[in-house]
């Protein structure tokens with residue numbers, strides 16, 4: 346069943362952006378969560394999806410920089426981090442973009 350999830354930024358720190366979801370989710374919902382993020386932020390491109398036992402990492406491209414979107418199922422944690430130093434310099438800018446500013 347497809348749910349209409351809403352993903353929001355909740356915190357920016359030195360190394361990542363913490364995201365929250367308005368509804369409880371499980372590993373089966375991750376494709377819908379990814380689709381929602383890509384729908385909300387159309388200028389972010391999906392590059393690769395890496396699946397683990399209880400965690401999924403999605404590599405993304407935004408403004409010529411690579412980021413990783415992490416989904417940790419047991420704690421329902423979602424966060425973004427920079428893949429390299431160039432992307433790390435854009436982390437605050439990406440945070441502002443995700444907030445709609």
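Residue numbers (the numbering used here): 346 to 446. Glycine included, each C-beta is placed from N, C-alpha and C at the ideal position.
Query raised in the report: For residue 383, which of helix, strand or coil comes out of DSSP?
Result: Position 38 of the chain shown, counting from 1, holds the residue named residue 383. Here residue 383 sits in helix by DSSP.
Query raised in the report: Around the Cβ of residue 362, are there at least 16 other Cβ atoms within 10 angstroms (buried) or fewer (exposed)?
Result: Indexing the chain shown from 1 puts residue 362 at position 17. Buried, by the Cβ-count rule.
Query raised in the report: According to DSSP, which residues form a beta bridge with residue 390?
Result: Your numbering for residue 390 matches position 45 in the chain shown. Its beta-bridge partners are 406.
Query raised in the report: Are residue 354 and residue 443 close, meaning C-beta to C-beta below 7 Å?
Result: In the chain shown, the residue the question calls residue 354 occupies position 9. In the chain shown, the residue the question calls residue 443 occupies position 98. A Cβ-Cβ contact shorter than 7 Å links residue 354 with residue 443.
Query raised in the report: Going by other Cβ atoms of all chains shown within 10 Å of its Cβ, with 16 needed for buried, is residue 427 buried or exposed?
Result: Numbered from its first residue, the chain shown carries residue 427 at position 82. Flag for residue 427 reads buried.
Query raised in the report: Alpha carbon to alpha carbon, how far is residue 295 from residue 432?
Result: Residue coverage of the chain in this structure runs from 346 to 446, which leaves residue 295 outside it and unanswerable.
Query - Nearest to residue 395 (by Cα), restricted to the options 414, 371, 374 and 424 - result: Numbered from 1 along the chain shown, position 50 holds the residue referred to as residue 395. Nearest to residue 395 by C-alpha distance, out of 414, 371, 374 and 424, is 414.
Query raised in the report: Considering only residues of the same chain and omitting the five flanking positions on each side of residue 393, which have a CB-CB separation below 6 Å?
Result: The sequence position of residue 393 within the chain shown is 48, counting from 1. Correct list, in chain order: 404.
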